[in-house]
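According to UniProt numbering, the sequence shown holds residues 1 to 1148 in order.
Each residue gets a CB set at the ideal place from its N, CA and C atoms; glycine is no exception.
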Amino acid sequence: MEDEETSESSALSLTVHKSSSSYPVKKRKIQELAASSDISSMAAKKPPIKKMDERPTSPPPERTSRIPVRNHDHPMTGKELLEMMEGSTSPKKSRTIPDRDLQTKAKVYLDFPHLSPEPHENRERERQTLLRYCKENYPNALTLKLFDLYPSSGMGRRMLSATVLHEIILQYRSRRLPIIFRLKSIVVSLLEAEKSVPAFELLTTIVSDIAFKVFKTENDGWPELLSFIVSCLDSDSPERQRSGLLVFHKLPQNVGDFFKPYLETIYLAVLSHLSSKRLENRTLAFGASVTLLEGLRTPTDHSWINYILNAMRKSLSETECKDYKDVIEEGLKKLLALLKDAQEIYVLQVSSLFELILKITEKDWLREEARTVTVEFFLVLSEQWREKIILKLMGLGTDKFGRFILMLVRMISQIEDDIHFYNGEGDADGQLRYSGSYIAGTSCLEQITYALGIGNMVPVTLDLIGQFLAAQEWQRRVSGLTCIRIFSPVMTDHLEQLMTMVLDSLQDPHHRVRFAAVHAITTLMEDSESELQIQSRNRILPALVAARQDTENPDMQLQAVRAIREFCQRCTPDDLAPYLNETVVTLVAVLKNENQKLQEMSLEALASVASLSQDRFQTQYVAAMPRLLLNVINAHNNVTLLAKNANCIGSIAVAVGKYNFKADAREVIRVITLAKQSLEVADNQTRICILQALKKFCTCLQQDFANYLEDLMPVFLSSAQSVGQSENKDLLREKTMACILLYTCACHLKENDKFFPWVRKVAEIFVPLLNFPLESEIRKVSASAMPELLHSVKSQGTKASFLIMMIVPPLVNALGKEREKGVLAIMFKSLNKCIQIPGSIFYTRLFTLIVDAIKQVLIEHPHRKLEYDPFEEDDKKEEEKVIIQIGNCLGSLIDKSSDKVLPILDEILSHVTRLWGDGNTEKEKAVAFGIFNVVMQKYGDDAHKYYSIYLPLLLEACDNKNPDMQQEAVCGIGICAEFGASNFRDSAEAAIGCLNSVITSTNALSSENAKVYSAAVSALGKICKFQRHCIKTAEKSFAHWQSQGISTVIPAWLSYLPIKNNPMEAQLVHEQLCSMVERLDKEILGPQNLNLPKILAVFEEVLPERGNLVTEETAVRMTDLLKRFRSRQLFGYSSNRQAIGDFVKRTL
1 MEDEETSESS ALSLTVHKSS SSYPVKKRKI QELAASSDIS SMAAKKPPIK KMDERPTSPP
61 PERTSRIPVR NHDHPMTGKE LLEMMEGSTS PKKSRTIPDR DLQTKAKVYL DFPHLSPEPH
121 ENRERERQTL LRYCKENYPN ALTLKLFDLY PSSGMGRRML SATVLHEIIL QYRSRRLPII
181 FRLKSIVVSL LEAEKSVPAF ELLTTIVSDI AFKVFKTEND GWPELLSFIV SCLDSDSPER
241 QRSGLLVFHK LPQNVGDFFK PYLETIYLAV LSHLSSKRLE NRTLAFGASV TLLEGLRTPT
301 DHSWINYILN AMRKSLSETE CKDYKDVIEE GLKKLLALLK DAQEIYVLQV SSLFELILKI
361 TEKDWLREEA RTVTVEFFLV LSEQWREKII LKLMGLGTDK FGRFILMLVR MISQIEDDIH
421 FYNGEGDADG QLRYSGSYIA GTSCLEQITY ALGIGNMVPV TLDLIGQFLA AQEWQRRVSG
481 LTCIRIFSPV MTDHLEQLMT MVLDSLQDPH HRVRFAAVHA ITTLMEDSES ELQIQSRNRI
541 LPALVAARQD TENPDMQLQA VRAIREFCQR CTPDDLAPYL NETVVTLVAV LKNENQKLQE
601 MSLEALASVA SLSQDRFQTQ YVAAMPRLLL NVINAHNNVT LLAKNANCIG SIAVAVGKYN
661 FKADAREVIR VITLAKQSLE VADNQTRICI LQALKKFCTC LQQDFANYLE DLMPVFLSSA
721 QSVGQSENKD LLREKTMACI LLYTCACHLK ENDKFFPWVR KVAEIFVPLL NFPLESEIRK
781 VSASAMPELL HSVKSQGTKA SFLIMMIVPP LVNALGKERE KGVLAIMFKS LNKCIQIPGS
841 IFYTRLFTLI VDAIKQVLIE HPHRKLEYDP FEEDDKKEEE KVIIQIGNCL GSLIDKSSDK
901 VLPILDEILS HVTRLWGDGN TEKEKAVAFG IFNVVMQKYG DDAHKYYSIY LPLLLEACDN
961 KNPDMQQEAV CGIGICAEFG ASNFRDSAEA AIGCLNSVIT STNALSSENA KVYSAAVSAL
1021 GKICKFQRHC IKTAEKSFAH WQSQGISTVI PAWLSYLPIK NNPMEAQLVH EQLCSMVERL
1081 DKEILGPQNL NLPKILAVFE EVLPERGNLV TEETAVRMTD LLKRFRSRQL FGYSSNRQAI
1141 GDFVKRTL
């Protein structure tokens, strides 16, 4: 037997030679199978396979036409057989037209297992073709043949036959292979007879392949196999026990229903083997346990599942079972898939699963892939049952938790050096160069960090990081730096210490460690805001600049430049100033590198430096611009680099201003213009970059940018029209950027005659986009552009009626369709600007359209508020913006078209008064006050009927703590005093009291209340001016003034001057004071001019602020008064004439 085994394993024929006494297949049946090219017809026949002792014992007769017999002394080797299999593992979707000669050879080959082609020069190609043909056209016959050859073959032949069978069955999993159901009993008999462990393992793989088809399509399952498994598990023979466990472990997923009849027997047997003294049995039982869990899917099975999981955990040994080292790994994968598929079953087993994976992680002999699967297990548990896992982690204790973290950090160390690191082909984060173990370990640590924090583990964690950073292996040092990146968000009190560790690692001799250090610096800057940069800026930026000089490692340079960019985006101009020159020189030097990724990152960093430095970058303009211009010129064949360089130049242009950039702009835009055809076929990202650059050029050059419109405007219009209704994100971004650029041109060039010819074309693009459904930013930009386009037409002295009717009605119609409140607010803002342009509302129907749209939005306001998320402040703020802009629109309509508004004023105000109702915010209520304030000013006597409602609400609102509400209320009191005439008289005393309360409150002069204070002083001045006859009765009520020696309201008002925080109110109030002094108002001057020093002090403070606190006209009048004071024409009988004279002289 050993001689046969040796010879057969060393040389295996294509069709394994068998003795005539053991010829296995009934000749007639094989011929029928081989002759049929229709597999489905064979499925219908399903001829029974006779037992071994009933099969013919003589070889088939000679045929007249056959493939020449190969000499049995030279059988085909296993290598030759495997070579024949290459290129034939994938079934074709449809059968090819048969080759008659090849079909004949295949039939002969399948009929006569001892036949193989004669050796000749093309035999390898012929063998491959023949086997491929048989697998594609006669898989049933080939499968039967190989199975029937199996029992009498030596171990080598059996293993190779099993390998071929596995390939055939596996490739036909998705197709019908009828013969597979006839093999069930045959395979079980082969399992019974097989004594070789390696061959038995291959048979179990075939069992799994067949079981996948059988359990998927046959309701009766595979009783013969289950009987074999149960008999093996109950056997006293260790070998049979291992066979049963291995076969059960190899069963495919989702077969639990088919072994239900044997469930209790299998459960007890597997549970028993999990505690076996034999290491092999315990290991195989671990894998078999996962298959058993497939059958435990009901709520009543929870106790069994718990027992199995705990037994699996206890079964794990401290040593590895080398013969079955893959079983635990395969079992873990199946268990992970089972957990994902049946989470509702394992909700009560979270603790047991956690204990199991914790036990597995402590096994040093586990391979990397098994640890990776274990960590994936933890991530699934953390995602589904986060709170339970957090509690389990918190209950681990310092030692266990530390060991768990240590295992994860060791996983992070499983990395190898990578050739891509040296050529700059890797990702900027280096993530693509790391193993699955590294990625799984970092993911798990991140989950623990954000879910649990480190808490009292900080000292241990710092010590662990220190140990890994001091290790000899560079991989461990990299993992230590990776831990710093992961742990930094929860170690904010130790960021300075962590930064020191990282900066020290920049001196490491290994390039990957230095790379990881630069990556860690970037993360620390992101997590620490600007505090850490302020503390360490004198070390961070020089270290990054030095790291950039590692020219042998492009990825190191790339990461260093990226870190410089991050630093510049998070520091202040003052932080960067000391290193500005060195940083710019470094980044410009990188631009000479041929590595495109490195160039692009350097351009982004240089743009960030310029944007941060602003006018300070002027000193660096000469150092940076020549290289950038050269790159632009040289990049005419590389539009991507051209776009990146142009965008960087644009950032610099905005920073340094038009005067510095104007001379160089012509050359840059010339190159861009020449590249128009290349840009048309470039990718979207490149065109977006070019559009961003041109927007910056327009912002910088402003009116001078009009010189380039003739060449560039077609590019803008083409991109703005590029998408239609496409949902392609890159196309949408390009369209959005083009619209922003057109809007920028409209803003800066609206009064330029070179932009005017393009207005209509731009309007034709923007108007339809008011209802563009795919991108809200496009709708915002389109709405914002409308008033700018109208202004452009008006500035040229051209009648704008055609454009008004083209723009305003669609804008108003879009208001009723817009559902995003942010966009709606911008549309109302643009409508307000359109209303303010003279002549824009020339058409009565257009006016009605606007009013109806405003009323409709006000009517829908309460309904929109019902859609608020009560915990989402942004929703409230967005709705407030809409109401504020509606208030502005109504104010403009009343101001510009008061005669048209008056007939419908009652109806409009009926909607406005609803804003005072409960449920509205203070800002929304303030808008209602603002609208009424405008009405009172504009309509005079026609508005008197509203005082009875309006004035009491004003007085009540003065006590409101919201500054917006208070400011509108006190302004309203001033307006009522000015325009209310007798309607105000009865409320004068209460109004003065309210204003006094606002003015004298403890926080009246705080920054948030400064405007309220100014408005209140102004309102009190209006009462003094327009309702003086009413103030006498109020003076006795205010002990506050009397305690300060102030006998009347007017001296009290003077004592509050000057006001400085609201220029508009300040100018009105100070002009009123000047007028009162000019007419020698006795109450303002006081008895014997006692108030003159205070008046002069106010003049002295406000005159230096002419144009701000006083108008030029008022300043001239004040100066004239001072001159008259100096000549003593206004002193009269002042008791302190000399002191006043000296004061006037000093002021002048």
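Might you give, ordered along the chain, the residues of its own chain that have their beta carbon closer than 8 Å to the beta carbon of L1103, omitting 5 neighbours on each side?
Once the five neighbours on either side are set aside, the close Cβ partners of L1103 are V1110, A1115, M1118, T1119, T1147.
Measure from the alpha carbon of L1096 to the alpha carbon of each residue in E1112, H1070, E788, then state which is nearest.
Checking every option, the nearest Cα to that of L1096 belongs to H1070.
Could you tell me the alpha carbon to alpha carbon distance between A738 and I688, rounded to whole angstroms?
Cα to Cα, the separation comes out at about 8 Å.
Give the secondary structure of V934 by DSSP, where H, G and I count as helix, E and B as strand, and everything else as coil.
Here V934 sits in helix by DSSP.
Pull up the DSSP beta-bridge partners for V1110, would you.
R1106.
Given N553, which residues of its chain have a CB within under 6 Å of its CB, disregarding the five upstream and five downstream residues?
Cβ neighbours of N553 beyond the five flanking positions: H511.
Determine the burial state of H861: buried for a count of at least 16 other Cβ atoms within 10 Å of its Cβ, exposed for fewer.
Burial call: buried.
How should A337 be labelled, buried or exposed, when 16 other C-beta atoms within 10 angstroms of its C-beta is the threshold for buried?
Burial call: exposed.
To the nearest whole angstrom, what separates the beta carbons of F984 and C976, a pair I think is in contact under 8 Å?
Indeed they touch by this definition, with Cβ atoms about 5 Å apart.
Nearest by alpha-carbon distance to E1009: which of M965, H1029, A543 is it?
It should be noted that the sequence gives Asn, not Glu, for residue 1009. The option with the nearest alpha carbon to N1009 is M965.
How far does the alpha helix (DSSP H) with D875 in it extend, from its first residue to its last?
First-last of the alpha helix (DSSP H) with D875: 873 to 896.
Report back the beta-carbon spacing between R313 and E362 to the nearest angstrom; my notes put them in contact at under 8 Å.
The Cβ separation is near 11 Å, so there is no contact.
Using only alpha-carbon positions, find the residue among I229, K592, Q596, Q937 that is nearest to L630.
Comparing Cα-Cα distances from L630 to each of I229, K592, Q596, Q937, the minimum goes to K592.
Quick one: what does DSSP say E264 is sitting in, helix, strand or coil?
Of the three classes helix, strand and coil, the one that applies to E264 here is helix, per DSSP.
Mapping DSSP to helix, strand and coil, what is F468?
Helix.
Look up Q618 in the DSSP assignment and say whether it is helix, strand or coil.
In this structure, Q618 counts as helix in the three-state DSSP scheme.
According to DSSP, is D664 helix, strand or coil?
Helix.
Give the secondary structure of Q31 by DSSP, where H, G and I count as helix, E and B as strand, and everything else as coil.
Annotation note: pLDDT 36 at Q31 (below 50); position unreliable, coordinate value reported separately. In the structure shown, Q31 sits in a helix (DSSP, three-state: H, G or I).
Mapping the DSSP letters down to three states, classify L576 as helix, strand or coil.
Here L576 sits in helix by DSSP.
Got a sec, what are the start and stop residues for the alpha helix (DSSP H) L905 sits in?
Taken as a continuous stretch (DSSP letters only), the alpha helix (DSSP H) holding L905 covers 905 to 912.
According to DSSP, is P151 helix, strand or coil?
DSSP places P151 in coil when its eight states are reduced to three.
Taking the C-alpha atoms as reference points, what is the distance between V16 and H302?
Residue placement at V16 is poorly supported in this model, since its pLDDT is 32, which falls under 50; the coordinates still yield a value, given next. If you take the alpha carbons of V16 and H302, they lie about 51 Å apart.
Helix, strand or coil for S413 per DSSP?
Coil at S413, not helix or strand.
Does DSSP put H636 in a helix, a strand or coil?
Here H636 sits in coil by DSSP.
Rounded to a whole number of angstroms, what is the C-alpha to C-alpha distance between P139 and V207?
Those two C-alpha atoms are separated by around 17 Å.
From K676 to L642, what distance separates their C-alpha atoms?
The straight-line gap from Cα to Cα measures roughly 12 Å.
Might you give, ordered along the chain, the residues of its own chain that have their beta carbon closer than 7 Å to the beta carbon of A1050, omitting 5 neighbours on each side?
Looking at the sequence provided, one finds Ile at residue 1050 rather than Ala. Closer than 7 Å at Cβ, skipping near neighbours: C1024, E1083, I1084.
With distance defined between alpha-carbon atoms, name the residue in D555, L694, I412 nearest to G436.
Minimum Cα distance to G436 is reached at I412.
Taking S189 as the reference, give the member of E201, L225, A211 with the closest Cα.
The option with the nearest alpha carbon to S189 is L225.
Taking just the CA atoms, how far does N1108 sit from V912?
Going by the C-alpha atoms only, they are around 34 Å apart.
Is the beta carbon of M525 less than 8 Å from the beta carbon of F487?
No. Outside cutoff.
Can you find the residues in the same chain that come closer than 7 Å, C-beta to C-beta, to I168, ignoring five residues on each side of it along the sequence?
So the list reads K135, P139, L142, T143, once near-sequence residues are dropped.
When you compare only the Cα positions, how much space is there between S897 and K761?
Roughly 30 Å separates the two Cα atoms.
Report the option in L271, N634, T572, E582 whose CA atom is closest to the CA atom of Q549.
Minimum Cα distance to Q549 is reached at E582.
In whole angstroms, what is the alpha-carbon distance linking S40 and R182?
The predicted model places S40 with a pLDDT of 31, which falls under 50 and marks its position as unreliable, so this point remains unresolved.
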